[in-house]
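Mapping of the sequence shown onto the working numbering: residues 19 to 221, in sequence order.
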Amino acid sequence: MLSQIIHFINTGIWEIRLKDLHPIKAFFVKYLRVIILASRGFLRDHCQKTASVLTYYSLLNIVPVIAVAFAISKGFGLEKLIEKQIFHLVTKKFSQGEKALNAIEIAEQLEIPVRFVRQLLQELIDVGLVVEITSGTKDQVVFQPGRTIENLTVKEVLDAYERRGIPYDTVSQSDKEENISNYLQNISEVVEKAPGNVLIKKI
Numbered sequence: 019m020l021s022q023i024i025h026f027i028n029t030g031i032w033e034i035r036l037k038d039l040h041p042i043k044a045f046f047v048k049y050l051r052v053i054i055l056a057s058r059g060f061l062r063d064h065c066q067k068t069a070s071v072l073t074y075y076s077l078l079n080i081v082p083v084i085a086v087a088f089a090i091s092k093g094f095g096l097e098k099l100i101e102k103q104i105f106h107l108v109t110k111k112f113s114q115g116e117k118a119l120n121a122i123e124i125a126e127q128l129e130i131p132v133r134f135v136r137q138l139l140q141e142l143i144d145v146g147l148v149v150e151i152t153s154g155t156k157d158q159v160v161f162q163p164g165r166t167i168e169n170l171t172v173k174e175v176l177d178a179y180e181r182r183g184i185p186y187d188t189v190s191q192s193d194k195e196e197n198i199s200n201y202l203q204n205i206s207e208v209v210e211k212a213p214g215n216v217l218i219k220k221i
């Protein structure tokens, strides 16, 4: 029985003349031939192994593509925007008396990769806007505002972002640079008095 089936697949089905068959039978024979040819090609070309290799290489190529995408978006200010979203979320949870979030929970709520969230949280810690604390019996690391939020304004948060690294006033300045510094200070004072400089907790 098995040998007859194998003989039919290898030889018999190809000897049948479709025009001598009923249209319905001819239809099934035609598509059975297509399936047999496709199966032979799949096995002959080792498609399963090739597909596995292709999947592996595709996954390897996705990583640098994502890295390039983040690098490009960083140039367009996406990093600062996400940092502000993270800080706003941390501040909101704290002001409402809710449980502090860990990095994974922040990533889930903002729908951002957790590795990227951890990197931005570290930058927020470096500028003093966020602090790490341990919570629960397992000493899980969660995040809270690093400054009192009662009088923390939008301008103070923006200033903290801009003042990373060496403070500007520690560097020797020429007369022209000193004039520019004075102009920037005047602009800063205007921004501080602007209506949009509201308390962070009111946003």
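C-beta atoms are modelled at their ideal positions from N, C-alpha and C, and glycine is treated no differently.
Can you tell me which residues form a DSSP beta bridge with VAL148? Its beta-bridge partners are PRO163.
Other residues of its chain near VAL47: CB distance less than 7 Å, five sequence neighbours each side excluded: ILE31, ILE34, LEU36, LEU39.
Start and end of the alpha helix (DSSP H) containing ARG51? First-last of the alpha helix (DSSP H) with ARG51: 41-62.
Exposed or buried, what is VAL189 when buried is set at 16 or more other beta-carbons lying within 10 Å of its beta-carbon? A caution first: VAL189 carries a pLDDT of 41, below 50, which makes its placement in the model unreliable, though a value can still be read off. Counting Cβ neighbours within 10 Å, VAL189 comes out exposed, since fewer than 16 surround it.
When DSSP labels each residue in this structure, what does GLN158 get in the three-state scheme? Per DSSP, reduced to three states, the secondary structure at GLN158 is strand.
Counting only the same chain and skipping the five closest in sequence on each side, list residues whose C-beta sits under 7 Å from that of GLN103. Answer for GLN103: LEU128, listed in chain order.
Just to confirm the assignment, what range does the alpha helix (DSSP H) spanning ILE23 have? Here the alpha helix (DSSP H) through ILE23 covers 20-25.
On the CB-based measure, 16 or more other CB atoms within 10 Å of its CB, does LEU78 come out buried or exposed? Classification for LEU78: exposed.
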